[in-house]
Amino acid sequence: METKLNTLFSSAGLSLSAHQNEMFRRYAKLLVEWNEKINLTAIIDDDGICEKHFLDSVLLLKFIEMPENASVIDVGTGAGFPGIPLKIMRSDIKLTLLDSLNKRINFLKAVSDELSISTECIHSRAEEGGKNPLLREKYDLVTARAVAALPVLLEYCLPFVKIGGIFAALKGPNEDISEAKSAVNILGGKILSVNDYNLPSGDSRRLILVEKISQTSTKYPRNSVQIAKKSL
């Protein structure tokens, strides 16, 4: 795995120290071990983990400039992507991992302990977290790598972003940005850029960056039933 990671990262213009490489290796080992007990990922081979989880997560760093000690929350983080790989690459960031399943939170705590990284792991649904005054509009960067349509993701995630901060949606290649313009405006955002790229295997990705330019109305996020019934 060490050689594979070094090759992948260097081909993307990202340098990886021996310590970071070892952290990724231990992360992958835990991912495979825990995946036998709880459903974390369908990708459990070394090549897939290295490219489709680790590299895919950290490529975000090529498109944004995160300030030193930035506050970051990964919403619906699942097995910790992209949050933990970002923390491995940028140890200075203050990382919060939010997920609705306590089993996954337990896994994330185990990874944090194993890697000796400081993370805040929160067991919460996104729409509840977005209403929490301790979390609402507190973050420089909010990330989500989720299958939900962009208007839905925006309602879940933009409430966490502080004014001047960024929401980064890591999506597949077919995400229709036009459908999200209404939600962006309603929630106080502005689309900064839409970035299309390919992983080394050829898989296509689309990264949408949204800047928070004004406060989100306290009406949002709505509850999950309302969101599912009619997106913004």
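Quick note on the working numbering: the sequence shown kicks off at 493 and runs consecutively.
We put the beta carbon where it would ideally sit given N, CA and C, even for glycine.
Just verifying my parser: in three-state terms, what is the DSSP assignment at Thr-708? Taking the first residue of the sequence shown as 1, we reach residue 708 at position 216. Coil.
Have a look at Arg-628, Thr-499 and Arg-518 and flag the residue whose alpha-carbon is nearest the alpha-carbon of Thr-708. The residue you call residue 708 lines up with position 216 of the sequence shown. Per the Cα distances, Arg-628.
Does the distance from the CB of Val-686 to the CB of Ile-658 come in under 8 Å? For the purposes of this step, residue 686 is identified with residue 194 of the sequence shown, where counting begins at 1. For the purposes of this step, residue 658 is identified with residue 166 of the sequence shown, where counting begins at 1. Against a cut-off of 8 Å, the Cβ pair of Ile-658 and Val-686 comes out as no contact.
Between the CA atoms of Ile-535 and Leu-662 - distance to the nearest angstrom: Taking the first residue of the sequence shown as 1, we reach residue 662 at position 170. Taking the first residue of the sequence shown as 1, we reach residue 535 at position 43. For Leu-662 and Ile-535, the distance between alpha carbons rounds to 17 Å.
Taking the alpha-carbon of Leu-587 as reference, which of Leu-600, Lys-595, Arg-596 and Asn-594 has the nearest alpha-carbon? Counting from 1 along the sequence shown, the entry for residue 587 is found at position 95. When only C-alpha atoms are compared, the closest one is Leu-600.
Leu-650 versus Thr-569 - alpha carbon distance: For the purposes of this step, residue 650 is identified with residue 158 of the sequence shown, where counting begins at 1. For the purposes of this step, residue 569 is identified with residue 77 of the sequence shown, where counting begins at 1. Going from the Cα of Leu-650 to the Cα of Thr-569 covers about 15 Å.
Judging by CA-CA distance, which residue of Asp-695, Glu-494, Pro-625 and Arg-617 is the nearest neighbour of Leu-645? Against the sequence shown, residue 645 aligns to sequence position 153. If we check each option's Cα against that of Leu-645, Arg-617 comes out closest.
If distances are taken between C-alpha atoms only, which option among Arg-582, Ser-503 and Val-567 comes closest to Pro-559? Reading the sequence shown from its first residue, position 67 is the one you call residue 559. Residue Arg-582 is the option with its Cα nearest to Pro-559.
Spatial distance of Val-567 from Gly-681 (CA atoms): Residue numbering aside, residue 567 sits at position 75 when the sequence shown is read from its first letter. Residue numbering aside, residue 681 sits at position 189 when the sequence shown is read from its first letter. C-alpha separation (whole angstroms): 17 Å.
Between the Cα of Ile-678 and those of Leu-691, Asn-690, Val-702 and Leu-551, spot the shortest distance and give me the residue it belongs to. Counted from its first residue, the sequence shown places residue 678 at position 186. Nearest option by C-alpha distance: Val-702.
Just to confirm, are Ile-585 and Ala-562 a CB contact at a threshold of 8 Å? One-based indexing of the sequence shown puts residue 585 at position 93. One-based indexing of the sequence shown puts residue 562 at position 70. For Ile-585 and Ala-562, yes; Cβs fall inside 8 Å.
Under 7 Å Cβ to Cβ from Ala-672, same chain only, skipping five residues before and after it: list those, please. The sequence position of residue 672 within the sequence shown is 180, counting from 1. Closer than 7 Å at the Cβ level, and outside the excluded window around Ala-672, lie Leu-642, Pro-643 and Leu-646.
Can you tell which of Glu-557, Leu-497, Ala-602 and Ser-608 has its C-alpha closest to the C-alpha of Leu-523? As a working mapping, residue 523 is identified with position 31 in the sequence shown. Cα-wise, what sits closest to Leu-523 is Ala-602.
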